[in-house]
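In terms of my numbering, the sequence shown opens at residue 368 and continues consecutively.
Beta carbons are placed, not taken as given, at the ideal position from N, Cα and C, and that holds for glycine.
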Amino acid sequence: MKRILLPTDFSENAYNAIDYALNLFKEEACSFYLLHVFSPSIYYEERTFYDDRKMPLDDENQIDSLRQLNELRERILKKFKNPKHIFVPHSTLGFLVDEIGTMIEKEEIDLVIMGTKGATGAKEVLFGTNTVDVIKKIECPVIAVPSNYTFSALENILFPTDYEIDYRKEQLAELLNIANEYNSAIHILHIGGSSDLSEQQVSNKLKLQKIVKGNSLFYDIPNGNTVEVIYKFQAKNPMDFLIMIQNKRTFLERLLIKSIVKKIGFTITIPFMVIPHWSKKGDTQ
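Put into structure tokens, the structure is as follows:
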């Protein structure tokens, strides 16, 4: 049974991500962990001074958190009557990224699905701070779902890459699972000519071809601004899902994460999965 973590701040953006998750895995047996992390009543300005041994236990906040989680669970059950899905509410005091990491370890979570912005998300920011922190720090695949995105079958998946990664089948398991379920075409987009590939990049590309095989298409786009190339490619070839691998050596870290901080005018209008570059337990390669 797949184990999926659904962080929520009870905003409609968070509920929309939950809605997407339940539709995406409607045919698969899943345990969904509904996680709400509430902050202490005392505001900590400096994260470095935080000490959970001294943090006050805020019973009133926890009671309210559990109440809202139960209401959320009832809302889900009322709309989605899927016997393959079970829901486990979890409320805790702390900081979101830390608690997500704890839940992943404790419950052996396979995937985190969350909204791109919280209740106070600014429209001019690509992803909210919490989403960025989760993408950068969590050792688990993360799917970020844009606000108001409505689920549609994944016919086409866009996978931009620079072939700087030693790809592993275990690493791409979630991508392969989704693509197989929906018979999706995986569009692998390399920005730069094929003649520019190093020997290592050629080797990595061949390995990726063996892993994805089947319904996959490879493109070599002439050098250009990565954001503009992705945007123009998607404009000509509408996609339903975007995936990248988080690796400090690749353009995801150099471009997207840093660009989020700089608030550039690049917007992602489809669900976006980020896969960590490190190995999960049991991956020996």
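Asked                                                                                                                                                                               : Found
Check residue 552 in the structure and name its three-state DSSP category.                                                                                                          : strand
Just verifying my parser: in three-state terms, what is the DSSP assignment at residue 369?                                                                                         : strand
Give the list of continuous alpha helix (DSSP H) stretches no shorter than 4 residues that lie fully inside the segment 518-588.                                                    : 540-549, 566-579
Say whether the segment 570-583 touches the segment 512-522, bearing in mind that this needs 3 or more beta-carbon pairs closer than 8 Å, one atom from each stretch.               : no
Given a threshold of 16 other Cβ atoms within 10 Å of its Cβ, counted over all protein chains shown, does residue 453 qualify as buried or as exposed?                              : exposed
Leaving aside the five residues before and after residue 504 along the sequence, list all residues of the same chain whose C-beta is less than 7 Å from its C-beta, in chain order. : 464
Taking the DSSP output, what are the residues bridged to residue 334?                                                                                                               : Coverage of the chain is limited to positions 368 through 652, which leaves residue 334 absent and any answer about it impossible.
Suppose you measure from the CA of residue 654 to the CA of residue 441; what does that come to, to the nearest Å?                                                                  : The first residue shown for the chain is 368 and the last is 652, placing residue 654 beyond what the model contains.
Using C-beta distances below 8 Å, list every residue in its chain close to residue 610, excluding the 5 sequence neighbours before and after it, in chain order.                    : 524, 525, 526, 542, 639, 640, 641, 642
CA-CA distance, residue 502 and residue 510?                                                                                                                                        : 9 Å
Going by the DSSP bridge assignment, what does residue 400 pair with across the sheet?                                                                                              : 372, 455
If residue 401 sits next to residue 456, beta carbons under 8 Å apart, how far is it from one beta carbon to the other, in whole angstroms?                                         : 5 Å
Helix, strand or coil: how does DSSP classify residue 491 here?                                                                                                                     : Note that residue 491 scores a pLDDT of 36, beneath 50, so its modelled location is shaky and nothing firm can be said.
From residue 567 to residue 383, what does the alpha carbon distance come to, in whole angstroms?                                                                                   : 41 Å
Measure the CB-CB distance between residue 498 and residue 481 and report whether it falls below 8 Å.                                                                               : yes
Return yes when the Cβ of residue 387 is within less than 8 Å of the Cβ of residue 516, no when it is not.                                                                          : yes
Do you know how far the Cα of residue 427 is from the Cα of residue 539?                                                                                                            : 42 Å
Can you tell me where the beta strand (DSSP E) holding residue 606 begins and where it ends?                                                                                        : Element bounds for residue 606: n/a, residue is neither H nor E.
Restricting to Cα atoms, I'd like to know which of 587, 506, 557, 606 is closest to residue 532.                                                                                    : 557
Counting only the same chain and skipping the five closest in sequence on each side, list residues whose C-beta sits under 6 Å from that of residue 377.                            : 435
Kindly identify the DSSP beta-bridge partner or partners of residue 381.                                                                                                            : DSSP, once it has assigned bridges, lists no residue as partnering residue 381.
Using the C-alpha atoms, what's the distance from residue 444 back to residue 458?                                                                                                  : 19 Å
Applying the 10 Å Cβ sphere with the 16-neighbour rule, what's the burial state of residue 437?                                                                                     : exposed
Locate the beta strand (DSSP E) running through residue 480, then write down its first and last residues.                                                                           : 478-482
Would you mind sorting residue 584 into buried or exposed? The rule is 16 or more other CB atoms within 10 Å of its CB.                                                             : exposed
My guess is that residue 514 and residue 390 are in contact by the Cβ rule of under 8 Å, so how many angstroms apart are they, rounded?                                             : Wrong, their Cβ atoms sit about 16 Å apart, outside the cutoff.
By Cβ distance, which residues of its chain are closer than 8 Å to residue 528, with the 5 residues on each side in sequence left out?                                              : 555, 556, 557, 575, 611, 612, 617
Any idea if residue 375 is buried or exposed, counting beta-carbon neighbours within 10 angstroms, 16 or more meaning buried?                                                       : buried
With a 10 Å radius around its C-beta and 16 neighbouring C-beta atoms as the bar for buried, classify residue 430 as buried or exposed.                                             : exposed
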